[in-house]
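K.L.:
There are 2 protein chains.
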Amino acid sequence: MANKVQPKILPGFMELLPEDQILFNSMVDKIRSVYEKFGFLPLDTPVIEYSEILLAKAGGETEKQIYRFNKGDNDLSLRFDLTVPLARYVAQRYPYLTFPFKRYQIGKVFRGERPQKGRFREFYQCDIDVIGNENLPLVYDAEIPAIIYAIFKELDFGPFIIRINNRKVLNGFFKSLDLTDEATEILRIIDKIDKIGEDNVKEELTDMHIDAQKIETILSFIRIKGSNEEIIKSLKNNGINDETYLEGVNELEEVIKLISSFGLDKDAYTIDLTIARGLDYYTGTVYETNLKEYPKLGSICSGGRYENLTGYYTDQKLPGIGISIGLTRLFSQLKEEGIISTTKKSLIDTLIVPLDEENMDYVLEVANRLRDKGLKADVYYGTKGMKQKMKYADKLGVPYVIVIGSDEVSNKVVTLKNMVTGEQEVVQIDSLTSKFC
Amino acid sequence: MANKVQPKILPGFMELLPEDQILFNSMVDKIRSVYEKFGFLPLDTPVIEYSEILLAKAGGETEKQIYRFNKGDNDLSLRFDLTVPLARYVAQRYPYLTFPFKRYQIGKVFRGERPQKGRFREFYQCDIDVIGNENLPLVYDAEIPAIIYAIFKELDFGPFIIRINNRKVLNGFFKSLDLTDEATEILRIIDKIDKIGEDNVKEELTDMHIDAQKIETILSFIRIKGSNEEIIKSLKNNGINDETYLEGVNELEEVIKLISSFGLDKDAYTIDLTIARGLDYYTGTVYETNLKEYPKLGSICSGGRYENLTGYYTDQKLPGIGISIGLTRLFSQLKEEGIISTTKKSLIDTLIVPLDEENMDYVLEVANRLRDKGLKADVYYGTKGMKQKMKYADKLGVPYVIVIGSDEVSNKVVTLKNMVTGEQEVVQIDSLTSKFC
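If you read the sequences in order, they're chains A and B.
Under the numbering used here, the first residue of the first sequence is numbered 1, with each subsequent residue one higher.
Under the numbering used here, the first residue of the second sequence is numbered 1001, with each subsequent residue one higher.
1) Spell out whether any CB of chain A is found under 8 Å from the CB atom of B/Pro1399.
2) Apart from the five residues on each side of it in sequence, which residues of its chain come closer than 8 Å, Cβ to Cβ, to A/Phe13?
3) Does the CB of B/Gln1021 have a neighbour CB from chain A at under 8 Å?
4) Determine the burial state of A/Tyr96: buried for a count of at least 16 other Cβ atoms within 10 Å of its Cβ, exposed for fewer.
5) Does the Cβ-Cβ distance between A/Thr350 and A/Leu375 come in under 8 Å?
6) When DSSP labels each residue in this structure, what does B/Ser1302 get in the three-state scheme?
7) On the premise that A/Ile31 lies in contact with A/Ile106, defined as a C-beta separation below 8 Å, what is that separation, rounded to the nearest angstrom?
8) Using a C-beta to C-beta distance shorter than 7 Å, which residues of chain A count as neighbours of B/Thr1180?
9) Are three or more beta carbon pairs between the region 1003-1010 of chain B and the region 425-435 of chain A nearer than 8 Å?
10) Compare the C-alpha of B/Asn1166 against each of B/Ile1048, B/Gly1112, B/Asn1359, B/Ile1222 and name the closest.
11) Mapping the DSSP letters down to three states, classify A/Glu448 as helix, strand or coil.
12) Within 8 Å (strictly less), CB to CB, does A/Val409 reach chain B?
13) Using CA atoms only, rank isn't needed, just tell me which of B/Leu1264, B/Thr1343, B/Asn1200 is closest to B/Ile1162.
14) How many Å lie between A/Phe40 and A/Ile151 at the Cα?
15) Report the rounded CA-to-CA distance for B/Arg1371 versus A/Phe38, giving the unit in angstroms.
16) How many Å lie between A/Asn250 and A/Val169 at the Cα?
17) Check whether the Cβ atoms of A/Tyr245 and A/Ile259 lie closer than 8 Å to each other.
18) Skipping 5 residues on each side, what residues in its chain have a beta carbon closer than 8 Å to that of A/Thr433?
19) As a quick exercise: from A/Ile224, A/Lys202, A/Lys225, pick the residue whose alpha carbon is nearest that of A/Lys442.
20) Let me know the secondary structure DSSP gives A/Lys417 once reduced to three states.
21) Taking 8 Å as the limit between beta carbons, can you name the residues of its chain near A/Met1, skipping five residues before and five after?
22) Among A/Asn200, A/Glu185, A/Leu155, which one has its Cα closest to the Cα of A/Val28?
23) If I measure Cβ to Cβ from B/Cys1437 and keep anything under 6 Å in the same chain, skipping five residues before and after, which residues do I get?
24) Per the contact definition of three or more C-beta pairs closer than 8 Å, is the region 1350-1364 of chain B in contact with the region 1332-1342 of chain B?
25) In chain order, which alpha helix (DSSP H) runs of at least 4 residues are fully inside the region 201-257 of chain A?
26) Report the residue from B/Asn1308, B/Thr1274, B/Glu1247 whose alpha carbon sits nearest the alpha carbon of B/Asp1194.
27) Could you check if B/Ser1299 is buried or exposed, using at least 16 other CB atoms within 10 Å of its CB as the buried criterion?
28) If you check the beta carbons only, do B/Asp1020 and B/Leu1086 fall under 8 Å apart?
29) Which same chain residues, not among the five before or five after B/Ser1220, have their C-beta less than 6 Å away from its C-beta?
30) So the alpha helix (DSSP H) A/Val75 belongs to, where does it begin and stop?
31) Just tell me which of B/Gly1397, B/Glu1336, B/Lys1395, B/Gly1405 has its CA closest to the CA of B/Met1360.
32) Keeping to the same chain, check which residues put their C-beta closer than 6 Å to that of A/Ser431; ignore five residues upstream and five downstream.
33) I'd like to know whether the C-beta of A/Val427 is nearer than 8 Å to at least one C-beta of chain B.
34) A/Asp129 by DSSP, collapsed to three states: which one?
35) Tell me the DSSP bridge mates of A/Gly107?
36) Give a yes or no on whether 8 Å exceeds the smallest Cβ distance from B/Pro1007 to chain A.
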C-alpha cells in the first residue's frame, strides 16, 4: 500500500461538496415538480447507446465531441443530449405510448469538449418535450412559456424574460429577400447579435456579399421593437407577402394571445426577432430565457417546435415542442455570480446528542418518534466530549440540537436547543414533534 | 431520409415505459427519503473517472467488465460501483468534510458483463455509507439494520429478514482451525450454501483437501441455529478462544442488543453465520436482506463494515460501514414475480378537457388554480371529439376529469367526473381544489 494514487477527477466534470449538492438537488426537485404539475411523465434512457443510433443525424462538432468506444463487437457512445435518445425511444415504443406524449427527463449528458471556463464535459440537462401524433395543437407553444415561467418563479433567481420568436417568420422573411440559401448562415450571424453587436453583424453580412440594401432591410427587421402587439402590427404591415412569413406571423400572434391566458406577467415574456435557436432543427416557435439582471449568463432555458422528431428512425410523422435547461452550467454560473449560495450544510431538522452511552433506548425512541413524523433526525453516536458534539452540530449547520442526559430520561423530557438563537428549553417528549411543525 | 436506422437499445440495459418509470421512481423516492431521515447527505460523483483511480484496487472480473476507453490523452472508465468513487471523494475532499461523514448516492453504474437474465450492464445502486475519522462507534452497526428496516417497511414488498454476521467471528473461527489461508476460499463456498446446499458445500470443501473432521466442525458451526441470544450463547461456549473470534462474538452480541433499542420487530433480523459478503473487503459486521416469501431473489440489500475506505489514495485511516441496494435488478425481479405492479399510468391528479377552443381563459384559470395548490393538472388541447378526449384520459388512467364547456364558464363551475366510479358532479370553481385534498 505504499504507492498511493492521487485522488482527482477530470477537468470539466462538476463534483460538489455536500452543501452545494443539497442546493443543486433542491433546484432539480423544483424543476421536476413543475414538470410533473404540468402533466409530464418521467423517462430514463440508457447513458450508453449504439453509436449508429446517437449519430444517425449528427455530424461535425458532435462527432468530434462524443465519447465513443468499442466493447466486444459493439460500437458504443455516451449520449450527448436527451433529444436523440427521446427520438429513438418514441420511434421504438410508439405503439405503447399515448399521444400527445409529454415526457420529462433529467439526466447527465456527455461531451468531450476542450475544458474551458463554464463548459462541462458531463452535465445535467432537464428536458421536457410534447410529441404529437401527426399534429400538435398550437396551444402547446403557449404552454411551454407558462412552464418556463412557473419554473423560474419557483427557482426565484430574480426577474427573467422569456424571448419568443417563430422560425417561419424568419424563413419567410429571408425567402422574400431571395436569401433562402443564405438564411442558415444569416441566422447564425443574427443569433450572435447580443454577443458581438450590430456593427459586427453588419460586417459579417457584408462579407457574405449580401448587398447593402438587403442588409439594411435585415437590420431594420430585427430592430423592430415595442410591445408585443406593436411588433405583430409592424410584422403585418411591412409589405412582406410570403406565405410562410404570414403563417409565422399569425402563429406568433396567436401564441402571444394564448400566453396571456396562461396568466403570465406581461413583463416576463416578449417577442424577440433576433433569436433563431440553432440552425435547421426548429421549424416554428422558438424560445430563449434570460435573467434580466444578468444578461451575460446567456439563455438559461431554450427550445422550440420541430416538425418531425423521429425522421431518422421511422416514417411516422411526429411533430413536437420542447425546452432544455442546462443545469450544471447554470448552477456554476449562478454560484459564481452570487445569485445563489449555500444555505444548508445538512438536510436534518435536528441532531440528537446523547450525553452518555447509557440511555440509548430513550435516545432512539426520541429519534424514532421524530422520523415517524417525517422529520429528519440524526443521532451523534460519538463518545467525545460535549464540546466536540456541539462542534459537529455547528459544522453541519443543524437548526436544533436535542440533548439527552439521565435527567431528561427520568423526567421523560428532552432539552431542545435552538442553534440560531442559542435559547434552550425543556420539552415533554409527547409534545416534541410539534416544535418542528 | 430513405435509410432509417432501426431504433433499439443494447441488451442488458433497462429502459421502462412511463408507467413503469413512475413505479421505479416512487421506489427511488422512498429510499432517498429514508436515507435523508437518518441524516445522510446527498452526493453525486462523475460517471467518467480516470482508469487509474477506478482500478486502483480492482483486478480480475472488474477489469474485464469495466467500460474503459481513451479520449484525447486520457485513459478513462465508467464507474462500476459507487464505493470506489466515494473512497476517492473522501480522500480528495477530506479537509472539507465533517466526520462521521454520512452520505447517500443513488446513481447508475456500468459493468460490461455478458448479457444474461437478471444481469444488467447499466444499473442503479442506492448506497449509504458512514465514514469515521480514525474510528467509528459500534452503534452505527446497529443503525444500518434500522435503516434497512425503515426502507423495506416503506417499500412494502412483504415480510423480510435482515441477516447479520460478523467477519471477525468467521476469520477467528478459521484461524482456530488453522485454516486462515483457506478462509477466503471456504467463505466463498459457504456463501453459496443457500444456492447449492450443504452436500455440495461439503464436497467442495473436501476437494480443497480439508480433513473430514474440520469440515464437520465447519458445518456444525454454520448449522448453529436458534434465537439470536441462543446463537450468541453457542458461539461463546463452543471452546474457541481465538482473540479475533471473541472480539467478533462480543461485537455481534452488542450489535444485536442495540438493534432492539432501535425498535425493530424481532422477526425482521437474525444472526446468520453463513453469510460472509465478498472476500476481503469487509472486516466486521456484515448484512444481507431477503424477502421471506421470495428467497430465490437472493439478497436485496447488502453491506457491512470495513476497516479503511481510502487506503489506495491516502494515509488517513477512515473506517466505514455501508449498504447498497441494486435497484435495477431488484425492480426487474419484483416485476417478474408479480410482487409489484404498475398502478399509475400518469402522475396527474386530473385532466382538464375543454369542450371547445373558445373558453381557454377559463380553462387555464382552472388549471392555474389547481397547480397553485400543488396539484398535478394536465389540459387536453386536442381538437378531436369527446370520445377521443375520454380515450386519452382512460389510457393515462386519470382519476378525475374536469369537463369545461360554455355552460360551465357562464356559471363559474366545472363538471368533475370520477373516472373510477363514473359519477359526475357540478362543482363551484372556488371549492374545486378541496375535492382533491
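No residue lacks a Cβ here, since even glycine has one placed at the ideal position from N, Cα and C.
P.N.:
To lay it out plainly:
1) No - not a single Cβ of chain A is within 8 Å of the one on B/Pro1399.
2) Phe120, Arg121, Glu122
3) yes
4) exposed
5) Yes, they are a contact pair.
6) strand
7) 7 Å
8) What B/Thr1180 touches in chain A: nothing, since even the nearest Cβ is about 20 Å away.
9) no
10) In terms of CA proximity to B/Asn1166, B/Ile1222 leads the group B/Ile1048, B/Gly1112, B/Asn1359, B/Ile1222.
11) Outside the displayed span of chain A (1 to 437) sits residue 448 of chain A, for which this structure offers no information.
12) no
13) B/Leu1264
14) Distance between A/Phe40 and A/Ile151, taken at the CA atoms: about 14 Å.
15) A direct Cα-Cα distance of roughly 8 Å separates B/Arg1371 from A/Phe38.
16) 9 Å
17) no
18) A distance below 8 Å between beta-carbons, with the five flanking residues on each side excluded, links A/Thr433 to the following residues of its chain, in chain order: Arg369, Leu370, Lys373, Leu375.
19) Outside the displayed span of chain A (1 to 437) sits residue 442 of chain A, for which this structure offers no information.
20) strand
21) In this prediction, A/Met1 scores a pLDDT of 46, lower than 50, which makes its location untrustworthy; the coordinate-derived value is nonetheless stated afterwards. Excluding residues within five positions, none has a Cβ falling inside 8 Å.
22) A/Leu155
23) The beta carbon of B/Cys1437 sits closer than 6 Å to none of the beta carbons in its chain outside the five residues before and after it.
24) The region 1332-1342 of chain B is not in contact with the region 1350-1364 of chain B.
25) Counting only runs of 4 or more, we get 212-222, 228-236.
26) Closest option to B/Asp1194, Cα to Cα, is B/Thr1274.
27) buried
28) Note that the C-beta distance between B/Asp1020 and B/Leu1086 is not below 8 Å.
29) none
30) It is Asp, not Val, that sits at residue 75 of chain A in the sequence shown. Note, A/Asp75: premise wrong, no alpha helix (DSSP H); beta strand (DSSP E) at 74-78.
31) B/Gly1405
32) none
33) It does not: the Cβ of A/Val427 has no partner Cβ on chain B nearer than 8 Å.
34) strand
35) A/Gln125
36) yes
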